[in-house]
Amino acid sequence: MPTIVRLSDTLRICMYAGDHNPPHFHLIASDRRACMVRLDTLEVIRGTIDARSFAQAVAWAGDNGDLLARRWADLNERD
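This is the structure:
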């Protein structure tokens, strides 16, 4: 699973290739807590993570939505 960005030593945003819709990213903490976040609404689809980590990720994702959409398209192009 490619890491899109490491937000800190303990938090990263990742995406899987060939993943299911809706377009989303995986927010993963070093303590193994994780959640999936929709690209279009920045809402949690599944999982749990602490509020501080979520806020940090959503702030970054809000500023980098175009990058995340391009990475999703690159990793999940369907023939």
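One point on numbering: in my numbering, the residue at position 20 of the sequence shown is 10, and numbering is uninterrupted. Even for Gly, the Cβ is constructed at its ideal location relative to N, Cα and C.
1. Closest by CA to Q46, which one among P13, V27 and M5?
2. On the three-state DSSP scale, how would you describe A24?
3. Given that a residue counts as buried once 16 or more other Cβ atoms are within 10 Å of its Cβ, and exposed if not, what is H10?
4. Below 8 Å on the Cβ atoms is my guess for R61 versus M(-9); work out the distance and round it to an integer in Å.
5. Looking at L17 and A24, is the spacing between their C-beta atoms short of 8 Å?
6. Thinking just about the alpha-carbon of each residue, which of H14, W50, V(-5) and L65 is nearest to the one in R36?
Short version:
1. V27
2. In the structure shown, the three-state DSSP call for A24 is strand.
3. exposed
4. Actually they do not touch by this definition, with Cβ atoms about 12 Å apart.
5. yes
6. For R36, the nearest C-alpha among the options comes from H14.
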